[in-house]
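This report concerns only the one structure given below.
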Amino acid sequence: MKLTQLDLLEISQEIRQCYAPKMSASTPKLILMPVAPKHLYAYWSLGNNKSIPLQESSTQPLTLRIYSASDKNNYLSKGYEDIPMNRTQSQQDVFLSNPTNGASYQASLGTCFSDNFLDVIADSNLTQLPQEKPAITQVKADFRPLSTNKEIKASAYNNDSGQGIK
Amino acid sequence: MTDLMKHGFLSIILHAHLPYVRHPEHESFFEENWLFEAITECYIPLIGVLDRLQNDKVPYRLTLSLSPPLISMLRDELLQTRYLKYLHQSLELAEKEIIRTRLQPELQKLARLYRRFYKKTLAIYQDQYGYDLLIAFKKHHTAGTLKLITCAATHGLLPLLNISEIAVRNQIKIGIETFKANLGFSPSGFWLPECAYYPGVETLLAEASINYFFVDSHGIMNASQRPRNGVFAPLDCGNGVMAFARDPASSRQVWSSQEGYPGDQDYREYYKDIGFDLDLDYIAPYILDSDIRISTGIKYYRITGKDLPKEIYNPKKARAKVQQHAQDFINKRQQQIIDLNTTMDRPPIIIAPYDAELFGHWWFEGPQWLECVLRLASNPSNPIQTISCSDYLAQQSDHQIATPSASTWGDQGYFSYWINETNNWIYPFLHKAEAEMEQLVLDFEGLTITSLQKRALNQAARSILLAQASDWPFIMKSGTTTDYANKRITDHLARFNYLHDAIRKNNIDNRYLTALETMDNIFPTINFWDYLPSKKNNESPS
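Right under this line is the structure:
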């Protein structure tokens, strides 16, 4: 089958318009991702049944209860950190106050009650925090990648900051 | 010089990668110039260096990582044709410049230099290697001087794809298969995209018969056991796969904006290009849509110095500086080796990895510097010997066992450049598409599959891989071509969604599928069964 440039362009545009990514999940889900030694990124979905009522009527904040994998079995007694999460969002950066260097972490997302009971909506995957690095100067990333966007090129050109340095 | 002083190795690794940019749906497409600029300024000059070293019988060793998207683009007929047109345009502009600068002898001398440069580029590309630069790289690999390795299929940042082990496994497996299909042999080493390591990835590398990979310095310094030899010997990850670490000193001398060689005042200024300087009427045929100023590659000035008026580039002075900087680099490595030999239990290996595109594109004189370094290092009176990591491992045994720590060579050393407020929105979509693909393939297990369904499933896998490229979140953070990066991620995810929907509803349109196969034609032998959750090998289910 022979397609013209115009055919390709039209099909590409139509697919982009009709099938652009949208987030939906029928079941609750929580994903943790490593970012830096004290920094995780979490995203979640509350699932079809809970998302709308929670956003509109519940006054209880969402809580991310995060614990190192080794504390998983006794996390109800101690060894966890509760982080308030924004109910109107579906993703948030998570900064741990006193993490174990390089440890693996897991989390549960839910509503926390006064007795610290967490009504869990979703449990996360296991993720490992990177270790704090020794004091070695970071030397990469001074040079920008091979990219030639016209506006940026122009502004870089006007920025008299030296060879290859942005 | 004592024997002890003579004992030490330098391994220079160039990582050559560009995202897959190929747009047959347009007559021409601006971002395809990324490849064309890199061929002209980086890859062909590098081949020139390798050819000269071979002609002079210089016993050097160099490692070159060729990413699968780059391999695919270098072999692509459409891009080869478009590159030839680009090169002829550059040559035409250089010719015009010789005429325009006839009353400015200093500039005209440089215009003539550019004409020679483009003519030589054309001769190497067209006549010597028949539009196929992989032939050139393979020739030097076969000669034993250049070690070729590869990286992940679309340069996916593996620690952020690791929500699914299958996603990581396929990035590795399909990357290696692409390399093998185009170069004819399996690579022994693997470049983790952005040196992004997480504990456990070595298991998947071992599955793919990889012997070694690279991490940044702190990946080794923070390993599960204190490294006895610091960053100057590899660690065995516990399964026989070796992790080599970047030497911070060698990196700083080349990469650093403060101390690095490329910022020297005698080197060519990257940003002062005639595309921005000359009258629009004159330069119009060589810029974007005849009215948006872009870089043409013709630049007449040297860096000169901060806040000083730019002076005209003097190639002779730049060449002298190249010699000086190459000698300085070698002297510093010699001193390192002498110092290390007093404390190490084995010959040190200094790992010096760089982006290949730095040499020639950002740093015009970079290829000359590299040639000089390799020539100096090959001098028998020199205590340094260049080596590939495979050869080092063949010579040395009994490596310390430890697991490196999660790390990248990017800004801050971890993952924050690829996951932050500018780009974190992509990950839920990437992970969702991956999960849907795996479920889809699982649902097909045991069923009879038509050839149309097979094509659609394979195309869905291509869409996922293309969406996973680390280049898109990188560009979103760097703030350069963000619209294009957003468009690419959105397009690939939309194409996956379309295919997923069509396959699920058994409503695959051959015309639409053909269009997607034409536009995203990477990985021609991809096998969607690789996405079957229980599957570790590449056999199709019976």
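Here the protein sequences line up with chains Y and V, keeping their order.
Taking my numbering, the leading residue of the first sequence gets 1, the next gets one more, and so forth.
Taking my numbering, the leading residue of the second sequence gets 1001, the next gets one more, and so forth.
Where a beta carbon is used, it is the ideal one built from N, C-alpha and C, also for glycine.
Using a Cβ-Cβ cutoff of less than 6 Å, which residues in the same chain neighbour residue i once the five nearest sequence positions on both sides are dropped?
| i | result |
| --- | --- |
| N1229 of chain V | M1344 |
| D1545 of chain V | Residue 1545 of chain V falls outside the range modelled here, since chain V spans only 1001 to 1542, and no answer is possible. |
| Y1267 of chain V | I1303, A1318 and E1365 |
| S1068 of chain V | Note that residue 1068 of chain V corresponds to Pro in the displayed sequence, not to Ser. For P1068 of chain V, where only same-chain residues beyond five positions count, the Cβ hits under 6 Å are A1153, G1175 and T1178. |
| R1495 of chain V | S1463 and L1516 |
| E1371 of chain V | V1049 |
| P99 of chain Y | K38 and L129 |
| Y1043 of chain V | L1133 |
Apart from the five residues just before and just after residue i, which ones in its own chain have a Cβ nearer than 7 Å to its Cβ?
| i | result |
| --- | --- |
| A1223 of chain V | L1235, A1402, T1403, P1404 and S1405 |
| Q131 of chain Y | P37, N101 and G102 |
| Y1417 of chain V | G1410, D1411, F1474 and K1477 |
| N95 of chain Y | For clarity, residue 95 of chain Y is Phe in the given sequence; the question names Asn instead. Contacts found: K38 and H39. |
| V1168 of chain V | L1158, L1161, N1162, V1201 and L1204 |
| L1093 of chain V | Y1286, T1296 and I1298 |
| L1110 of chain V | Y1300 and Y1313 |
| E1436 of chain V | H1500 |
| L1146 of chain V | L1050, L1062, L1064, F1137 and H1140 |
Below 8 Å between beta carbons: does that hold for residue i and residue j?
| i | j | result |
| --- | --- | --- |
| S1407 of chain V | V1215 of chain V | yes |
| L1087 of chain V | T1040 of chain V | yes |
| W1472 of chain V | A1485 of chain V | yes |
| L1440 of chain V | I1337 of chain V | no |
| L1046 of chain V | L1018 of chain V | no |
| S1164 of chain V | E1438 of chain V | yes |
| P21 of chain Y | G47 of chain Y | no |
| L1078 of chain V | P1024 of chain V | yes |
| V1241 of chain V | I1220 of chain V | no |
| R16 of chain Y | D1491 of chain V | yes |
| F1523 of chain V | L1465 of chain V | yes |
| M1 of chain Y | N1510 of chain V | yes |
| P1187 of chain V | I1135 of chain V | no |
| L1447 of chain V | L1532 of chain V | no |
| R1082 of chain V | E1032 of chain V | yes |
| S70 of chain Y | E81 of chain Y | no |
| I1330 of chain V | A1377 of chain V | yes |
Per DSSP, which one or two residues make a beta bridge with residue i?
| i | result |
| --- | --- |
| I1349 of chain V | V:F1009 |
| P84 of chain Y | Y:T63 |
| F1444 of chain V | DSSP lists no partner for F1444 of chain V. |
| H39 of chain Y | Y:A36 and Y:F95 |
| V1021 of chain V | Note: V1021 of chain V sits in no beta bridge, so no partner. |
| A1016 of chain V | V:L1066 |
| Y1282 of chain V | In the DSSP output, where bridge partners are listed per residue, Y1282 of chain V has none listed. |
| R1302 of chain V | V:R1268 |
| W1363 of chain V | V:F1359 |
| C1237 of chain V | According to DSSP, C1237 of chain V bridges with nothing at all. |
| Q106 of chain Y | Y:Y67 |
| Y1354 of chain V | V:L1014 |
| F1214 of chain V | V:F1244 |
For residue i, which residues in the same chain have their Cβ closer than 8 Å to its Cβ, ignoring the five residues on either side in sequence?
| i | result |
| --- | --- |
| S124 of chain Y | L30, I31, L32, A42, Q106, A107, S108 and L109 |
| S1011 of chain V | R1061, T1063, F1244, I1349, I1350, I1351, A1352, T1386, I1387, S1388, C1389 and Y1392 |
| E1027 of chain V | none |
| T4 of chain Y | none |
| Q1054 of chain V | H1140, A1143 and T1145 |
| Y1198 of chain V | L1158, P1159, N1162 and A1406 |
Is there at least one non-hydrogen atom of the ligand SAH closer than 7 Å to the beta-carbon of residue i?
| i | result |
| --- | --- |
| A1016 of chain V | Although the ligand SAH was asked about, the structure shown includes no ligands whatsoever. |
Practice task
For the segment 1380-1399 of chain V and the segment 1071-1087 of chain V, state whether three or more C-beta atom pairs, one from each stretch, are separated by less than 8 Å.
Solution key: Not touching, per the Cβ criterion.
Problem - Under 7 Å (Cβ pairs) to chain Y, residues found in the segment 1083-1110 of chain V - result: The residues in question: there are none.
Handout entry: the segment 1499-1531 of chain V: positions lying closer than 8 Å to chain Y by Cβ
Key = Under the 8 Å Cβ criterion, the segment 1499-1531 of chain V contributes D1501, N1510, R1511, Y1512, T1514, A1515, L1516, T1518 and M1519.
Exercise for the section: May I ask you to verify whether the segment 1313-1331 of chain V touches the segment 1289-1296 of chain V, counting CB pairs closer than 8 Å and requiring at least 3? Expected result: no
Exercise for the section: Could you tell me whether the segment 1356-1364 of chain V touches the segment 1178-1196 of chain V, where touching means 3 or more Cβ pairs closer than 8 Å? Expected result: no
Practice task
Could you name the residues of the segment 97-113 of chain Y whose beta carbon sits closer than 8 Å to any beta carbon of chain V, in the order they occur along the chain?
Solution key: G102
Exercise for the section: Report the residues of the segment 1148-1159 of chain V with a CB closer than 8 Å to any CB of chain Y, ordered along the chain. Expected result: P1159
Problem - Under 7 Å (Cβ pairs) to chain V, residues found in the segment 5-20 of chain Y - result: Q5, D7, L8, L9, I11, S12, I15, R16, Y19 and A20
Handout entry: Residues, ordered as in the chain, of the segment 1404-1415 of chain V that lie near chain Y by beta-carbon distance below 8 Å
Key = S1405, A1406, S1407, W1409, G1410, D1411, Q1412, G1413, Y1414 and F1415
Handout entry: Validate contact between the segment 1297-1317 of chain V and the segment 1097-1112 of chain V using beta carbons, cut 8 Å, 3 pairs
Key = Judged by Cβ distances under 8 Å, the segment 1297-1317 of chain V makes contact with the segment 1097-1112 of chain V, as three or more pairs qualify.
Practice task
Check each residue of the segment 1221-1253 of chain V: if its Cβ is closer than 7 Å to any Cβ of chain C, include it; give the result in chain order.
Solution key: Protein chains in the displayed structure are Y and V, and chain C is not among them.
Problem - Contact set between the segment 24-39 of chain Y and chain V, restricted to residues whose Cβ is under 8 Å from the partner - result: A25, I31, M33, P34, V35, A36, P37 and H39
Practice task
Report the residues of the segment 112-132 of chain Y with a CB closer than 9 Å to any CB of chain V, ordered along the chain.
Solution key: When CB distances to chain V are screened at a threshold of 9 Å, the residues of the segment 112-132 of chain Y falling below it are N125, T127, Q128, L129, P130, Q131 and E132, in chain order.
Practice task
Return the residues of the segment 1187-1204 of chain V that lie within a Cβ-Cβ distance of less than 8 Å from chain Y, sorted by chain order.
Solution key: Y1198 and P1199
Problem - Residues in the segment 1452-1472 of chain V having any Cβ partner in chain Y nearer than 7 Å - result: none
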